[in-house]
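Protein chains: 2
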Amino acid sequence: MTGNPRTRERILAAAERLLAERGPVSMGAIAQAAGVSRQALYLHFDDRAELLLATVDHIDSSGPLAELRRWVSEAPDGLTAVARFVELHAEYSPHIIEVARTIDAGRLTDPDLEAAWSDRMEGRRNACGRLIRWVAEDGALDPCWSPDGATDYLWSQTSLRVWDDLVNARGWSRDRYVTTMQRTVRRALAGP
Amino acid sequence: MTGNPRTRERILAAAERLLAERGPVSMGAIAQAAGVSRQALYLHFDDRAELLLATVDHIDSSGPLAELRRWVSEAPDGLTAVARFVELHAEYSPHIIEVARTIDAGRLTDPDLEAAWSDRMEGRRNACGRLIRWVAEDGALDPCWSPDGATDYLWSQTSLRVWDDLVNARGWSRDRYVTTMQRTVRRALAGP
DNA sequence: GCAGCGCTTGACACATTGTCAAGTAGACTC
DNA sequence: GAGTCTACTTGACAATGTGTCAAGCGCTGC
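If you read the sequences in order, they're chains A and B. When we follow this note's numbering, the leftmost residue of the first sequence carries the number 52, and every step to the right adds one. When we follow this note's numbering, the leftmost residue of the second sequence carries the number 52, and every step to the right adds one.
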């Protein structure tokens with residue numbers, strides 16, 4: 052909305068930190084942490100949903116995402132790119148897991164949040180589709196897959212949810228997650 | 052708590068129906084749908100968390116879960132049991148997905164819900180552990196897996212989250228989910 | 001000096017959860 | 001038939017959270 056961009060930045064930084072530390076937090080808590088009034092939040096964001104989504108975008112643009120994406124795209128072949136994609140998620144998921152959980156929860160009741168989050172999921176699925184086409188062009192995709200099926204599979208395997216289950220719920224290390232998922236995804240996509 | 056078991060049943064049935072139809076609903080809405088006062092809910096359940104968990108238990112015990120479990124345990128060998136386990140989830144997940152989503156969302160802020168849901172997850176993981184031991188005893192488990200690792204993997208693959216992503220978000224049919232997951236899980240566990 | 005932007009202050013309506021106290025209707029007992 | 005107990009109702013309340021509104025204040029640029 053309107054308002055000073057530096058204040059907006061302060062709010063987003065506070066939201067990012069609080070969500071990472073405490074999980075779901077109230078608008079009041081974010082305002083307090085940012086050192087502004089609760090009303091100031093509504094000068095910059097229409098509602099809680101918009102603030103949460105802006106926080107994700109902020110993490111995306113201020114974190115290592117762009118560099119990791121470039122690294123994936125510079126892989127020598129499709130299957131290596133998929134392996135790097137798994138590593139990208141192992142690296143990046145910790146940065147957004149808490150915000151993502153909060154949005155994922157709010158999605159159930161807030162149509163705006165649902166729509167925006169679906170868009171993001173769609174973007175990630177497109178990235179998966181490009182990787183699968185790459186693998187297929189290399190002739191490395193097992194013929195039992197349709198391109199769409201393989202895309203959906205890769206998308207579901209590299210979701211925050213699976214990462215969250217294995218790393219946070221089951222306590223896997225980053226390396227264990229990467230090694231295991233690279234092996235299973237490769238076996239699934241490329242075949243024996 | 053106290054109260055007439057038939058009233059309790061009415062409340063649980065209403066909660067089950069409303070959650071399936073509308074996702075997260077308020078205590079007031081459940082009471083109204085059950086034809087009792089909102090206070091009656093608190094005569095039967097300490098709080099919202101307990102009602103949600105009782106609703107899951109109610110679905111478990113009134114639905115096809117027991118029979119499906121027996122069917123899995125009667126498989127001729129470990130890998131067939133795993134395949135049936137995938138089918139069990141394809142069959143059963145639609146029954147509990149909405150309640151599970153609601154609990155999963157509430158888990159972030161409610162420690163009781165978190166603890167109870169973790170217990171349930173632990174139970175499901177134990178079932179996965181038994182299947183993996185069965186596969187290993189058959190000599191069919193790829194040596195690259197540790198028993199724990201394979202258990203966690205099977206547990207994460209057969210989670211409601213992966214099922215939800217593929218079937219609800221991506222629109223896969225029940226059969227497509229079953230066929231694909233059976234193939235990928237088998238390849239991952241048994242090797243080429 | 002002053003106009004306007006950005007933020008603050010304090011209030012409000014509304015929804016939701018969980019609690020409390022008093023009341024009621026029916027069944028069961030003596 | 002009077003009394004009692006159980007299960008539920010009714011209506012109120014506190015606490016917490018979201019989103020809105022109106023008035024005010026301070027700094028900056030003209």
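A virtual CB, placed ideally from N, CA and C, is assigned to each residue, including glycine. Remember, it's a predicted structure, so these values are computed and weren't measured experimentally.
Residue burial annotation: Thr53 of chain B is exposed, with fewer than 16 other C-beta atoms found within 10 angstroms of its C-beta. The CB of Met172 of chain A comes closer than 9 Å to the CB of Asp216 and Ala220 in chain B, given here in chain order. Of the candidates A:Leu130, A:Tyr143 and A:Trp223, A:Leu130 places its Cα closest to the Cα of Arg181 of chain A.
B:Leu103 is the residue among B:Leu103, B:Leu94, B:Asp97 and B:Asp98 whose C-alpha sits nearest the C-alpha of Ala64 of chain B. DSSP places Leu130 of chain A in the helix class (H, G or I) of the three-state scheme.
Buried is the label assigned to Ser144 of chain A, since at least 16 other Cβ atoms lie within 10 Å of its Cβ.
Judged by DSSP secondary structure, Arg238 of chain A falls within the alpha helix (DSSP H) whose first and last residues are Arg225 to Ala241. Nothing from the stretch 106-131 of chain B brings a Cβ to less than 7 Å from some Cβ of chain A.
Residue range Arg99 to Ser113 is occupied by the alpha helix (DSSP H) that includes Leu104 of chain A.
About 6 Å separates the Cβ atoms of Arg176 of chain B and Thr202 of chain B, confirming a contact at the 8 Å cut-off. Contacts with chain A at 8 Å (Cβ-Cβ) do not include Ala71 of chain B.
Contact check for Leu211 of chain A against Ala151 of chain A passes: the beta carbons are separated by less than 8 Å. Ile110 of chain A sits close to His146 of chain A, with the two beta carbons spaced by under 8 Å.
Between the beta-carbon of Thr231 of chain A and that of Tyr204 of chain B there is about 7 Å, and that keeps the pair under the 8 Å contact cut.
CA-CA distance, His140 of chain A to Pro56 of chain B, rounds to 49 Å. Shown here, Ser207 of chain B sits in a helix according to DSSP, grouped into three states. When Cβ pairs closer than 8 Å are counted between the two stretches, the stretch 115-135 of chain B is seen not to touch the stretch 67-82 of chain B, the count staying below three.
At least 8 Å separates the beta-carbon of Leu240 of chain A from that of Asp199 of chain A. Counted as a single uninterrupted DSSP element, the alpha helix (DSSP H) harbouring Arg61 of chain B occupies residues Pro56 to Arg73.
At least one CB atom of chain A sits nearer than 8 Å to the CB of Gly200 of chain B.
For Thr58 of chain A and Ala82 of chain A, the gap between their C-alpha atoms comes out near 11 Å. In this structure, the beta-carbon distance from Cys179 of chain A to Trp214 of chain A does not fall below 8 Å. In terms of beta-carbon proximity, Gly190 of chain A stays away from the interface with chain B, with every pair separated by 8 Å or more. Against chain A, the beta carbon of Thr231 of chain B has neighbours under 7 Å at Gly200 and Tyr204, listed in chain order. In terms of CA proximity to Pro243 of chain A, A:Ala191 leads the group A:Gly222, A:Arg227 and A:Ala191.
For the C-beta of Ala156 of chain A, the chain B residues within less than 7 Å are, from N- to C-terminus, Ala156 and Leu159. In this structure Ala134 of chain B is in contact with Arg237 of chain B, their Cβ atoms being roughly 7 Å apart against a cut-off of 8 Å.
Distance check between Trp122 of chain A and each of A:Val107, A:Ser113 and A:Glu138 places A:Glu138 closest, using alpha-carbon atoms only.
Those residues of the stretch 62-93 of chain B placed with their C-beta closer than 9 Å to a C-beta in chain A are Gly74 and Pro75, ordered along the chain. DSSP places Val186 of chain B in the helix class (H, G or I) of the three-state scheme. In the three-state reduction of the DSSP assignment, Ala191 of chain A falls in the coil class, being assigned neither a helical nor a strand state.
Annotation for Arg221 of chain B: no alpha helix (DSSP H) segment contains it, and DSSP assigns it neither H nor E. Secondary structure of Val76 of chain A (DSSP, three-state): coil. Residue nearest to Arg61 of chain A within the set A:Ala71, A:Glu72, A:Ala91 and A:Arg73 is A:Ala91 (criterion: CA-CA distance). Here Asp216 of chain B is buried, its C-beta having at least 16 other C-beta atoms within 10 Å. For Arg68 of chain B, the closest alpha carbon among the candidates B:Arg99, B:Asp97, B:Ala100 and B:Val107 is that of B:Val107.
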